[in-house]
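In the numbering used here, the protein residues as written are 13 to 106.
Virtual Cβ for every residue (Gly too), placed ideally from N, Cα, C.
In this text, all values refer to a predicted model and were calculated from it rather than measured experimentally.
Let me begin by presenting the structure, written as structure tokens, before commenting on it.
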């Protein structure tokens, strides 16, 4: 019988990675406590270390990204409306 892959929430991953970063428990202790392979804990710890700086940039980055997406969507809509106006002008002339 095929075993199902376990899915962990981001909250759980962060909790375990923070515990690993604190260094109060060894990796085998964390592995036994949370029943997660040590490789996974090491991966989550590395991701947390590499991406921690983004936690403080989220507000600026998210707003800029949302504004860019809105601008792109509006430009597409303006282009579509211009094409429709041109098509209607041609239809009225003929």
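Start and end residues, alpha helix (DSSP H) containing residue 42: 39 to 46
What does the alpha-carbon distance come out to for the pair residue 57 and residue 25? 9 Å
Tell me which residues share the same chain as residue 53 and place their Cβ nearer than 8 Å to its Cβ, disregarding the 5 neighbours each side in the sequence. 28, 29, 32, 39, 42, 43 and 46
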